[in-house]
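First comes the structure, then the notes that go with it.
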Amino acid sequence: MVENIKNNLPGMIHMLRLPAFTGWICLSSGIVIGYYFLPGLKSIVYLRFVFLSILALFIAAVLISRPVVRNLSLLICGILLIMHQRSGERIAYAHCHAARAIETTVKLSGTVASPPVPSYGAYRFIVRADSISTPENGSCMKGKSILCISEKPPVSPGKILCRGTFTTPRPQMNPGAYDEYAVLRSKGVWGKFYIERILEDSACKSPAAGLSRLLRNHSLAALSHIRNLDNRAILQAAFLGERHMLTTTIKKIFSEAGMYHLLAISGLHVAIIASFIYTLLFIFPLNKAAKTIITLVFIWSYLFFIGFIPSLFRAVVMISVFLSSMLFQRQNQSLNSLGLAGIFWLFLSPSSLVTPGFQLSFAATFAIIALTPIFKEIIAPVMRTPTGSLSLGLVQNAACVMIAGFIGTAPILACHFGRLSLFGLASNIVSVLLMSWCMYSFFLGLVFQLVSGAAAWAILRISEISLSSLVFLAGLSQKTVLSTLKVSCAFPEIIAGYAGVVAVFIWSSKKKRIRFTVLAVSAFLLIVPCGLLVRRLDKTLHITFFNDRAGLIAGIQWPNRKLWLVGTGARTAFSSSYRMVLSPWFRRCPHSSLDAVIPLGNEKNPVHSLEPLCTNHSPGNIYTPDNQRKNSFGNVISPLAKEFNVSLKKVRTQTRFIPAPSCTCSILCTTQ
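Note that my numbering has the sequence shown beginning at 4, numbered continuously upward.
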């Protein structure tokens with residue numbers, strides 16, 4: 004049995020022999036078990052004992068060489084990490100009345116840890132709290148990161164004392180909707196503080212704070228040479244991680260083009276920085292070890308300068324492991340480096356595992372590491388032909404990396420966002436090259452800025468041209484047919500089958516790869532239709548009550564795949580609820596049609612409220628109240644109904660439905 008696996012699936016045996024990679028998988032599995040299957044898990048022992056248990060299990064996993072013991076220790080460690088996080092939150096929030104938003108005014112004192120970023124008419128920044136003082140419970144939240152919202156910007160970095168209202172992160176209110184708790188806690192943020200008045204504000208005088216201000220001002224001075232504001236905003240987002248200057252248009256075209264990852268700091272940017280520094284050091288008489296150490300110091304300093312962003316931290320750890328292996332002349336295992344970075348970050352922030360950013364980052368890196376060498380083996384005979392040249396080889400290598408990244412991230416993009424960018428699959432080959440030229444030119448501009456602003460301006464013209472070409476390339480997606488493929492929410496069996504096909508392709512031996520992959524794809528194409536058929540035969544009536552600030556909405560999915568939307572609140576506005584609340588629900592109801600929309604008829608702007616539904620889902624009927632007033636609800640939306648060919652029907656009496664005897668009913672009620 005074991006010999007057959009070694010002969011047919013050598014890739015699986017190789018991965019199982021990587022301790023950090025398998026340990027990361029087991030630690031992630033434990034976190035998933037604790038997060039999804041044990042949501043009510045509570046610490047019945049002291050929090051310190053749980054921490055000591057985690058520490059003991061981690062030491063055992065490091066010191067014990069037996070794979071079974073190591074992996075089991077990390078699996079249990081993952082469950083305890085979630086227990087420790089939730090217990091710590093309960094204790095911290097209990098002192099601040101965290102079961103609800105604190106209504107009384109409290110005081111926050113601490114250190115401003117991030118530059119104030121303008122957003123929606125206010126400034127947002129992170130404060131490392133010394134305390135949040137309440138009239139009843141003294142102080143709490145010492146050492147915690149708090150997201151502050153203020154009308155006026157504070158000094159950054161600096162000390163601050165302010166007065167306002169503290170609220171805890173809200174849990175996910177609706178299926179598939181934005182999960183504020185998961186997002187904020189994955190970033191280490193413990194709550195939001197709405198500042199009413201800044202009482203004291205002073206600049207921090209420490210050497211580290213002064214150096215941080217100096218570097219940021221120097222970077223902004225170099226960025227000021229970029230004349231086009233959109234280009235400047237892109238470069239500021241890619242280097243400093245500050246995306247507040249990006250316009251809605253730029254965000255939209257880069258998102259639709261599948262190039263949005265270029266606007267966020269990721270492994271690509273860290274690799275560009277590391278390669279630039281390492282190349283720049285060749286002008287100095289230094290040996291290989293000195294160049295490696297200096298490069299490591301620079302990239303870790305960059306991490307502390309920007310902050311512990313998951314994608315940035317993962318990239319810095321992976322490049323550090325790679326450079327360290329070169330330093331000590333040891334063979335580097337990229338998957339082991341990935342597992343090491345994953346373990347470190349999950350110990351710092353276990354809830355990151357459920358966020359799309361973490362999943363996309365690690366899935367793309369895993370796919371590139373595992374699939375790119377296989378693709379290169381497949382195209383190697385082509386590269387050895389007389390037509391194969393250096394430029395063609397570079398293009399082929401870039402294409403292999405992009406296709407591998409697309410394969411790895413496709414199920415995550417389909418599940419969280421419901422779309423795949425086909426345009427980005429081809430355009431990223433060119434866009435990555437343009438971004439590399441842009442960053443190299445910008446780094447040279449930073450160096451020349453120390454000597455002469457005019458010299459920096461001349462160098463940064465290359466960045467300007469590269470960024471303009473990048474924006475032009477992204478804009479082509481809106482003129483390309485089928486640039487974006489909309490995908491319904493992927494069911495668990497589809498994701499599992501897809502992952503199985505990819506795993507078989509990676510694990511199979513070179514001689515039997517095609518045969519095993521064909522068999523895996525055949526099994527996938529057989530299982531998926533059977534699963535979809537079983538779902539279509541389901542006779543369950545699903546009712547979901549959505550909670551939204553605009554009012555309550557009930558979504559009804561009938562056994563015949565018809566959908567109803569019923570306004571149930573005092574004031575229902577479908578437009579404000581569509582993107583964050585209703586759109587994820589529609590993606591989770593594939594092969595269904597919107598049959599009826601039943602608003603209350605008291606919306607301030609009913610046309611604006613119903614337009615997103617008519618544009619994207621073409622409802623069969625809109626039921627209106629029987630109101631004979633001159634400016635009735637039905638008269639107002641009548642032009643909209645004619646434009647989209649929707650039937651208007653008046654409701655004279657209240658309606659109630661009684662499910663058939665063979666139909667079971669599943670009701671999901673969201674909590675406030």
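In this text, a Cβ means the ideal position worked out from N, Cα and C, and glycines have one as well.
These figures come from a predicted structure and were not determined experimentally.
What residue from the options has the CA that sits closest to residue i's CA?
i       : options                               : result
Gly-261 : Lys-514, Trp-561 and Phe-409          : Phe-409
Tyr-263 : Ser-364, Arg-93 and Leu-566           : Ser-364
Ser-56  : Met-86, Phe-369, Ile-135 and Ile-498  : Met-86
Ser-189 : Ile-34, Phe-647, Thr-487 and Ala-373  : Ile-34
Ser-227 : Thr-250, Ile-462 and Lys-9            : Ile-462
Thr-170 : Asn-177, Ala-212, Ala-180 and Leu-187 : Leu-187
Val-435 : Ala-373, Gly-113 and Gly-270          : Gly-270
Ser-117 : Gly-421, Gly-167, Phe-307 and Gln-560 : Phe-307
Glu-154 : Gly-14, Asp-133, Leu-351 and Glu-199  : Glu-199
Gln-336 : Arg-539, Glu-183, Gln-452 and Arg-20  : Arg-20
Ile-275 : Ile-256, Val-319, Phe-287 and Phe-589 : Val-319
Val-115 : Pro-160, Gln-88, Cys-143 and Gly-81   : Pro-160
Val-158 : Leu-289, Val-524, Gly-113 and Asp-541 : Gly-113
Thr-168 : Lys-195, Phe-451, Ser-466 and Leu-528 : Lys-195
Ser-612 : Ile-640, Pro-562 and Phe-301          : Ile-640
Lys-542 : Gln-560, Phe-325, Leu-529 and Gly-534 : Gln-560
Leu-60  : Phe-350, Asn-638 and Val-569          : Phe-350
Count the other C-beta atoms from every protein chain shown that fall within 10 angstroms of the C-beta of residue i, then say buried if there are 16 or more, exposed otherwise.
i       : result
Pro-121 : exposed
Phe-40  : exposed
Ser-209 : exposed
Asn-431 : buried
Gln-481 : exposed
Cys-165 : buried
Arg-632 : Low confidence applies here, because Arg-632 scores a pLDDT of 49, under 50, leaving its location unreliable; read the following figure in that light. Burial call: exposed.
Ile-135 : buried
Thr-547 : buried
Ala-236 : buried
Thr-282 : exposed
Glu-259 : buried
Ser-650 : exposed
Phe-369 : buried
Asn-619 : exposed
Ser-596 : exposed
Thr-2   : Outside the displayed range of the chain (4 to 675) lies residue 2, so it cannot be described from this structure.
Arg-539 : exposed
Ser-9   : Correcting the residue identity first, residue 9 is Lys in this sequence and not Ser. Under this definition Lys-9 is an exposed residue.
Arg-518 : exposed
Ile-105 : Per-residue confidence for Ile-105 stands at a pLDDT of 46, beneath the threshold of 50, marking its modelled position as unreliable; no derived number is given.
Using 8 Å for Cβ pairs, my map puts residue i next to residue j. What's the rounded Cβ distance?
i       : j       : result
His-419 : Pro-359 : 5 Å
Thr-520 : Val-507 : 6 Å
Ala-224 : Lys-147 : Incorrect: roughly 34 Å between the Cβ atoms, too far for contact.
Tyr-501 : Pro-414 : 5 Å
Lys-162 : Ser-205 : 5 Å
Ile-152 : Val-130 : At roughly 11 Å, the Cβ-Cβ gap does not stay under 8 Å, so Ile-152 and Val-130 are not in contact.
Val-600 : Pro-615 : With a Cβ gap of about 11 Å, Val-600 and Pro-615 do not count as contacting.
Asn-648 : Met-176 : The Cβ separation is near 33 Å, so there is no contact.
Could you compute how far the alpha carbon of residue i sits from the alpha carbon of residue j?
i       : j       : result
Thr-627 : Leu-585 : 20 Å
Pro-174 : Trp-460 : 48 Å
Ile-229 : Ile-62  : 51 Å
Ile-556 : Tyr-581 : 11 Å
Ile-253 : Leu-476 : 12 Å
Pro-22  : Asn-339 : 7 Å
Ile-268 : Thr-483 : 27 Å
Gln-239 : Ile-509 : 38 Å
Leu-447 : Ser-304 : 18 Å
Pro-353 : Gln-362 : 12 Å
Leu-356 : Met-321 : 18 Å
Leu-488 : Leu-77  : 39 Å
Ser-444 : Asn-624 : 57 Å
Ala-132 : Tyr-184 : 19 Å
Asn-608 : Ala-644 : 15 Å
Ser-455 : Leu-449 : 10 Å
Trp-588 : Ala-180 : 8 Å
Gly-14  : Ile-372 : 12 Å
Asp-182 : Trp-193 : 14 Å
Query raised in the report: Between the stretch 121-130 and the stretch 67-76, do three or more beta carbon pairs fall short of 8 Å?
Result: Contact fails: fewer than three Cβ-Cβ distances are below 8 Å.
**Report entry** Cβ contact (3+ pairs, closer than 8 Å) linking the stretch 340-350 and the stretch 24-39
**Finding:** The stretch 340-350 vs the stretch 24-39: in contact.
Query raised in the report: Using 8 Å as the threshold, is the stretch 294-305 in touch with the stretch 508-519, meaning 3 or more CB pairs across them?
Result: Fewer than three beta-carbon pairs drawn from the stretch 294-305 and the stretch 508-519 are found closer than 8 Å, and the two stretches are therefore not classed as touching.
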